[in-house]
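Reviewing the structure listed below.
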Amino acid sequence: MAYKYEAIAESLRQDIKTGKYAPGELMPDQNKLAATFDTTRITIHKAIQLLIIEGMVYSKRGAGTFVRKDFGLTDTRQETQVDRPLGTTRTNEGKKVTSKVLELEARLPSKREAEQLMIDTMDPVYVIRRTRYVEGKVWAYEHTIMPTSIVTLTKQVLEGSIYGYLEKERGMSIAGTHRLISAAKATEEDVEAMNAKLDDPVLVINQVSYTDDGQPFEVSESHFPYDSSTVVADVQVH
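With the first letter of the sequence shown counted as 1, position 128 gets the number 128 in the UniProt record's numbering; the numbers rise by one all the way through.
Shown next as structure tokens:
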């Protein structure tokens, strides 16, 4: 049996999908939603958080909750929900995780990156490229875009866990991520980063990650070698 906040999230999800709340529209405030669903504001907050993590809505302090214009990363490809921990280190807890930093630089974001991160096109971002290793073997090649205003990054930080650094050292509360799973052919960058063969198949995960107030703080694309990657999803039928 679903929790009440999950049922409310599903109701709001359907309202968005059917056009009751249009892209870019301000949704009713949490007090009004609480009255509509005859529940508490805390329950509404948890329901909204689910939609934020899915990339359907975002919240602005002092303004309210809005329907995302692009629904996160959704495009013409099939969207897949996969329940996995955030980050390579958490996914491989208990194992030795290391990183090789291939690039760390700052530049202005593209229009698309600015939209996804909800920042201005004049707000600089980090460009981060890393190869991640688990127990000495290639795990993935990561390409990440992150606003420089969030944190000052160094090569030493990138050689460890970025998420761990943001949470422990900066007190950031990471709520979740919206993911799109697809397949692609290995590029020259994959050859450099993972010693892959050109045009070999790779598993691709694109994601936008959010803090607990709905603010996106990272746009990333990770490539995984086909011969050592699997996708596991648990599906519950209520």
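Where a beta carbon is used, it is the ideal one built from N, C-alpha and C, also for glycine. Since the model is a prediction, treat every value here as computed from it, not as a measurement.
Checklist entry - Leaving out five residues before and five after residue 66 in sequence, what residues of the same chain have Cβ atoms less than 8 Å from its Cβ? => result 24, 25, 26, 27, 57, 58, 59, 60
Next on the checklist: Suppose you measure from the CA of residue 8 to the CA of residue 22; what does that come to, to the nearest Å?
Outcome noted: 18 Å
Checklist entry - Cβ atoms of residue 43 and residue 69: under 7 Å apart, would you say? => result Not a contact, by the Cβ cut-off of 7 Å.
Checklist entry - Can a CB atom of chain C be found closer than 7 Å to the CB of residue 170? => result In the displayed structure, chain C is absent; only one protein chain is listed.
Checklist entry - Which two residues bound the contiguous beta strand (DSSP E) that contains residue 140? => result 137-147
Next on the checklist: Once the 5 residues before and after residue 121 are set aside, which same chain residues still bring their CB inside 7 Å of it?
Outcome noted: 108, 109, 111, 114
Item to check | Touch test, the segment 27-42 against the segment 197-206, Cβ-Cβ under 8 Å, three pairs minimum | outcome: no
Checklist entry - Apart from the five residues on each side of it in sequence, which residues of its chain come closer than 6 Å, Cβ to Cβ, to residue 13? => result No residues qualify anywhere along the chain.
Checklist entry - In chain order, which alpha helix (DSSP H) runs of at least 4 residues are fully inside the segment 86-140? => result 88-91, 111-117
Next on the checklist: Within 10 Å of its beta-carbon, does residue 47 have 16 or more other beta-carbons around it, so buried, or fewer, so exposed?
Outcome noted: buried
Next on the checklist: Does residue 147 pass the burial test, meaning 16 or more other C-beta atoms within 10 Å, or should it be called exposed?
Outcome noted: When all chains shown are included, residue 147 counts as buried.
Checklist entry - What is the DSSP secondary structure of residue 83, reduced to helix, strand or coil? => result Below a pLDDT of 50, predicted positions are generally treated as unreliable, and residue 83, at 46, falls in that range; no measurement from the model is reported.
Item to check | Neighbourhood of residue 76 by C-beta distance below 7 Å, restricted to the same chain and skipping five residues each side | outcome: Low confidence applies to residue 76: its pLDDT is 35, below 50, so where it sits in the model is not reliable, and the reading given next is rough at best. Around residue 76: no qualifying Cβ.
Checklist entry - Relative to the alpha-carbon of residue 50, which residue among 209, 97, 227 has its alpha-carbon at the smallest distance? => result 209
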